[in-house]
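This is the structure:
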C-alpha cells in the first residue's frame with residue numbers, strides 16, 4: 005500500500021469519525037450528555053482545535069461583556085429550605101448577548117454549593133437552544149441539613165453549550181447562604197458577574 009493510498013484511507017476514516025461524533029451529539033439528551041461521551045469525546049475535540057479557532061473563541065467570550073467590562077444578562081433564582089430539602093428553582097436568564105457569529109446562545113445553568121472539592125453538589129439544567137432570554141423552570145434539590153446549607157455559598161453559572169468545542173462561560177452569581185432566611189422563599193433577579201471557575 006503506497007503512502008498516498010494510506011493518506012486517502014486516513015482522510016476517509018477521519019470524515020466518517022467526524023460524522024459519527026457530530027451525530028452522537030445530536031442524540032437524545034441522556035446520550036449526548038452522558039459521562040461516557042464527556043470522558044472520551046470532549047477532550048479529544050478540544051485537543052484538535054487550531055490556534056485561529058482558539059483566538060476566535062477568546063473573542064466570543066469577550067463579546068459577553070459590555071463596555072464597562074461587566075458581563076451582560078441576569079439570572080432569576082428562587083431559594084427555599086423546606087421539609088429537609090434545599091430547593092433552587094432556576095427560572096430564566098434575560099439579556100444575554102448574541103455570539104460573535106450573530107447567533108443566539110444555547111445555554112444551560114450549572115449550580116454548586118461551595119466549598120465542594122468533590123463536586124458532589126453539582127447540578128445542571130437542560131440546554132435551551134438559541135435564545136437570548138432562555139426559560140429553564142427547573143428545580144434543583146439538595147437533601148442536606150439546614151445547618152450545613154447555611155455554611156455554603158451558592159454558585160450558579162451560565163454557559164453557552166457547544167457540541168464541538170469547550171463550553172463558554174457567560175457569567176454567574178455567588179450567594180452567601182448564611183445571610184439569607186432560607187425558611188421563606190427568596191426569589192430575585194441577579195446580575196451576571198465574572199466569577200473564578
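Numbering (my numbering), first residue to last: 5 to 201.
Cβ atoms here follow ideal geometry from the backbone N, Cα and C, with glycine treated the same way.
Kindly indicate which three-state DSSP category residue i falls into: helix, strand or coil?
{"i": "residue 87", "result": "coil"}
{"i": "residue 78", "result": "strand"}
{"i": "residue 38", "result": "coil"}
{"i": "residue 96", "result": "strand"}
{"i": "residue 11", "result": "helix"}
{"i": "residue 63", "result": "Model confidence at residue 63 stands at a pLDDT of 46, short of 50, so the residue's coordinates are unreliable; what they give is reported in the following sentence. If DSSP states are grouped into helix, strand and coil, residue 63 belongs with the helices."}
{"i": "residue 142", "result": "strand"}
{"i": "residue 16", "result": "helix"}
{"i": "residue 130", "result": "coil"}
{"i": "residue 50", "result": "At residue 50 the pLDDT is 42, less than 50, meaning the model places this residue with poor confidence; the figure from the coordinates comes in the next sentence. The answer is helix: DSSP assigns residue 50 an H, G or I state."}
{"i": "residue 70", "result": "The predicted model places residue 70 with a pLDDT of 47, which falls under 50 and marks its position as unreliable, so this point remains unresolved."}
{"i": "residue 182", "result": "helix"}
{"i": "residue 148", "result": "coil"}
{"i": "residue 117", "result": "strand"}
{"i": "residue 196", "result": "coil"}
{"i": "residue 191", "result": "strand"}
{"i": "residue 30", "result": "coil"}
{"i": "residue 168", "result": "coil"}
{"i": "residue 23", "result": "helix"}
Determine the closest residue to residue i out of the options, with distance taken between C-alpha atoms.
{"i": "residue 108", "options": "97, 85 and 87", "result": "97"}
{"i": "residue 105", "options": "14, 134 and 185", "result": "134"}
{"i": "residue 30", "options": "192, 167 and 185", "result": "167"}
{"i": "residue 179", "options": "38, 147, 131 and 190", "result": "190"}
{"i": "residue 196", "options": "85, 118, 156 and 101", "result": "101"}
{"i": "residue 75", "options": "188, 10, 187 and 177", "result": "177"}
{"i": "residue 131", "options": "17, 121, 146 and 164", "result": "164"}
{"i": "residue 188", "options": "87, 172 and 26", "result": "87"}
{"i": "residue 156", "options": "172, 25, 186 and 18", "result": "186"}
{"i": "residue 119", "options": "152, 171, 9 and 10", "result": "152"}
Checking 8 Å against the spacing of the C-beta atoms, do residue i and residue j come in under that value?
{"i": "residue 89", "j": "residue 83", "result": "no"}
{"i": "residue 112", "j": "residue 125", "result": "no"}
{"i": "residue 114", "j": "residue 193", "result": "no"}
{"i": "residue 148", "j": "residue 77", "result": "no"}
{"i": "residue 85", "j": "residue 150", "result": "yes"}
{"i": "residue 154", "j": "residue 181", "result": "yes"}
{"i": "residue 103", "j": "residue 161", "result": "no"}
{"i": "residue 36", "j": "residue 23", "result": "no"}
Could you confirm whether any beta carbon from chain B is found closer than 8 Å to the beta carbon of residue i?
{"i": "residue 175", "result": "Although the question refers to chain B, the structure presented lacks it and comprises just one protein chain."}
Contact between the segment 136-152 and the segment 89-103: three or more CB pairs below 8 Å?
-> In short, these stretches touch, since the Cβ pair count reaches three.
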